[in-house]
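Protein chains in written order, with our numbering: chain R, 2 to 336; chain D, 46 to 346; chain H, 23 to 362. Where a beta carbon is used, it is the ideal one built from N, C-alpha and C, also for glycine. Every value quoted in this text rests on a predicted model; they were computed, and no experiment measured them. Notes to accompany the following structure.
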Amino acid sequence: MSEPVYAVEDLVIDLYTPSVSVRAVDRVSFAINAGETLAVVGESGSGKTVMTLGPLGLMPEGVTIDLRGSARAAGKDLVKMSPKKLSSLRGGQFGVIFQDPMSALNPMLKIGPQLAEQARRFAGLSPAAARAAAVSLLARTGIPDPEDRYDRYPHELSGGMLQRAMIALALAARPRVLIADEPTTALDATVQAQILALLRQIQNEDGIAVALITHDIGAVSVLADRVIVLYAGRIAEEGSAIDVLTSPVHPYTRGLLASVPDFRSDTASGTREIPGLPPDQTRVLPGCRFADRCPQAEASCRTKRPVLTCVGGNEVPHRAACPIVIRDEGLADND
Amino acid sequence: MRFARLPWLVLTPALIFVFVGVFAPLLMTHDPAVQDYTAILQGPSTAHWLGTDYLGRDLWSRIVGGARTSLVAMAFVLVAALVIGVVIGSVAGYVGGLVETVLISLIDIALALPSLVIALALMGVFSGENFDWLSDYWKMVLALTLAWWANYARMSRAVVVAELQQPYIEAARVMGASHLWIFTRHILPHVLGLVVVYASADAGALVLAIATLSFLGLGVAPPTPEWGQMLVDGMSYIEEYPNLVIIPGLALTAVVVSFNLLGEAFALQKVPRALRGRLLGRKRAERKAEDQARVSVEGQA
Amino acid sequence: MTDSDASDPRPRDKAANSGPAIEVEGLKVHFRTSAGLVRAVDGVDLAVQNGAFHGIVGESGCGKTTLARAIVGLQSATAGHVRILGRDRADWQRANRKGFARSVQFIFQDPLGSMSRRQSVLQTLEEPLRIHGIGNAAARRRKVGELLDLVSLPASVLDRLPRSLSGGQRQRVSIARALALDPRVLLCDEPLSALDVSVRAQIVNLFARLQDQLGLTIVIVAHDLAIVREVCSAVTVMYLGRVAEEGAARPFFADPTHPYSQALLSAVPSPDPRVEATRVPVLLEGDPPSPLNPPAGCRFSTRCPVVIEACRVTEPQLRAVQHGGRSACHLADTSGHPIL
Numbered sequence: 002m003s004e005p006v007y008a009v010e011d012l013v014i015d016l017y018t019p020s021v022s023v024r025a026v027d028r029v030s031f032a033i034n035a036g037e038t039l040a041v042v043g044e045s046g047s048g049k050t051v052m053t054l055g056p057l058g059l060m061p062e063g064v065t066i067d068l069r070g071s072a073r074a075a076g077k078d079l080v081k082m083s084p085k086k087l088s089s090l091r092g093g094q095f096g097v098i099f100q101d102p103m104s105a106l107n108p109m110l111k112i113g114p115q116l117a118e119q120a121r122r123f124a125g126l127s128p129a130a131a132r133a134a135a136v137s138l139l140a141r142t143g144i145p146d147p148e149d150r151y152d153r154y155p156h157e158l159s160g161g162m163l164q165r166a167m168i169a170l171a172l173a174a175r176p177r178v179l180i181a182d183e184p185t186t187a188l189d190a191t192v193q194a195q196i197l198a199l200l201r202q203i204q205n206e207d208g209i210a211v212a213l214i215t216h217d218i219g220a221v222s223v224l225a226d227r228v229i230v231l232y233a234g235r236i237a238e239e240g241s242a243i244d245v246l247t248s249p250v251h252p253y254t255r256g257l258l259a260s261v262p263d264f265r266s267d268t269a270s271g272t273r274e275i276p277g278l279p280p281d282q283t284r285v286l287p288g289c290r291f292a293d294r295c296p297q298a299e300a301s302c303r304t305k306r307p308v309l310t311c312v313g314g315n316e317v318p319h320r321a322a323c324p325i326v327i328r329d330e331g332l333a334d335n336d
Numbered sequence: 046m047r048f049a050r051l052p053w054l055v056l057t058p059a060l061i062f063v064f065v066g067v068f069a070p071l072l073m074t075h076d077p078a079v080q081d082y083t084a085i086l087q088g089p090s091t092a093h094w095l096g097t098d099y100l101g102r103d104l105w106s107r108i109v110g111g112a113r114t115s116l117v118a119m120a121f122v123l124v125a126a127l128v129i130g131v132v133i134g135s136v137a138g139y140v141g142g143l144v145e146t147v148l149i150s151l152i153d154i155a156l157a158l159p160s161l162v163i164a165l166a167l168m169g170v171f172s173g174e175n176f177d178w179l180s181d182y183w184k185m186v187l188a189l190t191l192a193w194w195a196n197y198a199r200m201s202r203a204v205v206v207a208e209l210q211q212p213y214i215e216a217a218r219v220m221g222a223s224h225l226w227i228f229t230r231h232i233l234p235h236v237l238g239l240v241v242v243y244a245s246a247d248a249g250a251l252v253l254a255i256a257t258l259s260f261l262g263l264g265v266a267p268p269t270p271e272w273g274q275m276l277v278d279g280m281s282y283i284e285e286y287p288n289l290v291i292i293p294g295l296a297l298t299a300v301v302v303s304f305n306l307l308g309e310a311f312a313l314q315k316v317p318r319a320l321r322g323r324l325l326g327r328k329r330a331e332r333k334a335e336d337q338a339r340v341s342v343e344g345q346a
Numbered sequence: 023m024t025d026s027d028a029s030d031p032r033p034r035d036k037a038a039n040s041g042p043a044i045e046v047e048g049l050k051v052h053f054r055t056s057a058g059l060v061r062a063v064d065g066v067d068l069a070v071q072n073g074a075f076h077g078i079v080g081e082s083g084c085g086k087t088t089l090a091r092a093i094v095g096l097q098s099a100t101a102g103h104v105r106i107l108g109r110d111r112a113d114w115q116r117a118n119r120k121g122f123a124r125s126v127q128f129i130f131q132d133p134l135g136s137m138s139r140r141q142s143v144l145q146t147l148e149e150p151l152r153i154h155g156i157g158n159a160a161a162r163r164r165k166v167g168e169l170l171d172l173v174s175l176p177a178s179v180l181d182r183l184p185r186s187l188s189g190g191q192r193q194r195v196s197i198a199r200a201l202a203l204d205p206r207v208l209l210c211d212e213p214l215s216a217l218d219v220s221v222r223a224q225i226v227n228l229f230a231r232l233q234d235q236l237g238l239t240i241v242i243v244a245h246d247l248a249i250v251r252e253v254c255s256a257v258t259v260m261y262l263g264r265v266a267e268e269g270a271a272r273p274f275f276a277d278p279t280h281p282y283s284q285a286l287l288s289a290v291p292s293p294d295p296r297v298e299a300t301r302v303p304v305l306l307e308g309d310p311p312s313p314l315n316p317p318a319g320c321r322f323s324t325r326c327p328v329v330i331e332a333c334r335v336t337e338p339q340l341r342a343v344q345h346g347g348r349s350a351c352h353l354a355d356t357s358g359h360p361i362l
């Protein structure tokens, strides 16, 4: 396999604000290859956004971020890069879609010129070519009458159209990685389905890598090839989407999936809940972060940090960080 | 409330002024009104710490007495203006409709002119015969109050309107709360929170206004010690005895600056600051120690 | 929370059919805005049975929240009537505001916003009791303790401010507050949308348990169909200010007849990628039209994949369909074959 387009190794991220210090990401490694969709799944505070966007220098203001480990894209180490270089690399290599389109689009500028500017700066197009590229991007993202919409301001577009315009903006620089941070959370079911279909279509056509950051299992099931399940800043389980979603191993993944009702199944399996709350991120105690909420926790869970262990999978190894389940169910896969 | 988080350094100058004003009778070494023709225009000495003025009155005692005069007048005006402002602003914001329109017009008119100009005009009105039953002092307090309430009314209305839009007000309504309950339990605390903070910064401007009126011969009448008057009295001797102007001038400046500092500190409290320097270093060290402790446990297991 | 809640996810309709708790008749809520007249709710009839767990679903802008707010009088109606527990809502509220509040409570979408940021959890939970002058300090404190037990919160949250609680805890506090007056009818506006998946499950189970324990009538406004199917005994689907379809939950979900209901259901992805791979969703074109200017005829006609000429001319009325409920579609005949 060729070199991954975005790879992170042994990443540790500490966040500091005047009131709290948080270990947001705790020794995490992952890689995204061209042409695949990697879903990063976790609940609020699990570190999924920080892990993906933090190495790119995209962090909220007023937060001091300490980053250790390595993060590579386009053959360069992002951790050691100056903010200015990082910003230009990010513009050319990464496209980001946020939950709120207005956070990406400038409300004072027309939609089209914002796209053209992006295409001109990072894809090196002439002004005329950039304009043409912008119009075709609007058309590609399913915005009707793109010539007319080119000259519209963001506030003149409906919510679903804005979401599409933001996707177009993210694609304008012809990035190699598209990062979608909760792209559908704020959308209605029917619009959500449209946007997910659009993302899938883009990936099929362009073969770019997509990182989908979400807590919506449905969206993962629609789009993802591979899944990383994050809990309290650590990877609980990873593998192909089929493996993780249909035969989860880690008790957290199992709990998470059981709490998602599937209304096509007639068994009405019921909405199971995971008791308790995610751990206090300001203190990192020894052992497994899920131990306090885990029905299968043993004494050793509170002293030994579980390591990701292979439990199967074909091309994509399926790995889980729970020695208890692996031992009890005889899942260890040592080939 | 928020005082707890204020640096004491900022609070101190304003507190000194209040302290001097409250305990003035104990701090005065002489009766500030007593004239002593044997000791006219003296420099500082052990008998007269800051010297004496052209009537032989003790300057220190007059400064201290002036602080008390300013403090008392300021307190009267602030409390009255605050009450009037909060009542008018709250009624405007809560009732809405025509009442609000009328009251807002009134507030706008009052805000259109500088407070001091309004106060001066009112002093002119009060100088008529119909107001003979009022002493000059109370005329000044009344005039300043009527010139000062509008800002508080405007602010109170803004807070009331903003709070009324908060979902928790609807929640209280759903619980069956009466308007009186909602206003007194939920809205008034927010109004007072903001208005009192503003008043703390406004106090300096008010002290200055009181001095200005007295300087113009409109406010406090002699022989009550007052800084504005001391400035006027000292003007004639400014070349030979600049102390007579400099000392009350400095006192006035110090009070205005100290209240402004206080207001500024309140305002800056809300601005978030990024973590830097030593505090960040300490947090990093804590983190590292925690990591090491964890590794040692996990290593043994 | 116990396991027994989780293992009993069946829709609860045991107390249903003992008469309607809420009857809405021809309700219209129109807003005058600078852009024109917004017809947020435009002629809705609705009956919620006593003891039902009734879900109102639809996309943003369909008027579901406005409908719920109008039912409790947070929004004044332009036309129509609301009867709750057999009494006219407007008359009841006018005559006895506190009595109404003791019978009908409302839970807001944003639990944090619906609590005063200055009040501790204890003060928040005591407030309804104090407003109604219920009990002395000790009795109130006891009641607060019971409420905490009811929603499974530890007593340690009492002196904390809402801001410092987690999303799930905040929603529990807001539910506890709504239950403080022992209401018989509870309306909830999107109580789950601000919560994480696993916490959502906790709150859903809490609602289900509370209904069992307290025999409440619960109306829940939601856009998450899967959750509605889990807990609700009856469903109303709204589109652009009107009811598109309604019925008992189980038959409705098995056999929805309105093309909009079908599209809405088919848009929900399956958490199982194997199912997902074979699923063919009905992708609707575009966004819902603006309630400023609803289309003529059937309001769904501009996006409907099976639209016929009559749809653009005549507005379909709700009529009985196979699953036992009613559907506002010209093509939804009583033989019950799915249109799509």
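Inter-residue spacing [alpha-carbon to alpha-carbon] between residue i and residue j
i, j, result
"L187 of chain D", "E174 of chain D", "16 Å"
"G344 of chain D", "R162 of chain H", "52 Å"
"R306 of chain R", "V79 of chain H", "44 Å"
"I197 of chain H", "P213 of chain H", "9 Å"
"M103 of chain R", "L158 of chain R", "11 Å"
"G347 of chain H", "D67 of chain H", "13 Å"
"G314 of chain R", "A299 of chain H", "19 Å"
"E309 of chain D", "R24 of chain R", "35 Å"
"L59 of chain R", "T88 of chain H", "38 Å"
"I98 of chain R", "A233 of chain R", "23 Å"
Local conformation of residue i per DSSP, three classes
i, result
"L187 of chain D", "helix"
"H280 of chain H", "coil"
"H103 of chain H", "strand"
"Y253 of chain R", "helix"
"L260 of chain H", "Checking the sequence shown, residue 260 of chain H turns out to be Met, not Leu. Looking at M260 of chain H - three-state DSSP - the assignment turns out to be strand."
"T24 of chain H", "Confidence at T24 of chain H is low in this model, with a pLDDT of 39, below 50, so its placement is unreliable and no value can be given for it."
"D35 of chain H", "Here D35 of chain H scores only 46 on pLDDT, less than 50, and its place in the model is too uncertain to base an answer on."
"Y139 of chain D", "helix"
"L213 of chain R", "strand"
"T310 of chain R", "strand"
"S3 of chain R", "coil"
First and last residue of the uninterrupted alpha helix (DSSP H) at residue i
i, result
"F311 of chain D", "288-313"
"H245 of chain H", "Careful: H245 of chain H lies outside any alpha helix (DSSP H) and carries neither H nor E."
"R16 of chain H", "Since the displayed chain H opens at 23 and closes at 362, residue 16 of chain H lies outside it and no answer follows."
Test item: CB-CB of residue i and residue j under 8 Å
i, j, result
"V241 of chain H", "L201 of chain H", "no"
"A131 of chain R", "A140 of chain R", "no"
"I180 of chain R", "T53 of chain R", "yes"
"I163 of chain D", "R199 of chain D", "no"
"V285 of chain R", "R339 of chain D", "yes"
N-terminal and C-terminal residue of the beta strand (DSSP E) that residue i is part of
i, result
"F53 of chain H", "42-55"
"F75 of chain H", "75-79"
"T65 of chain R", "65-74"
Option nearest residue i by Cα separation, candidates the options
i, options, result
"T190 of chain D", "D:S150, D:T146, D:V252, D:I283", "D:V252"
"V122 of chain D", "D:K184, D:P89, D:V132, D:I133", "D:K184"
"T146 of chain H", "H:L170, H:V126, H:Q131, H:R124", "H:L170"
"P19 of chain R", "D:P234, D:K328, D:V140", "D:K328"
"P293 of chain D", "D:R107, D:R102, D:P77, D:T83", "D:R107"
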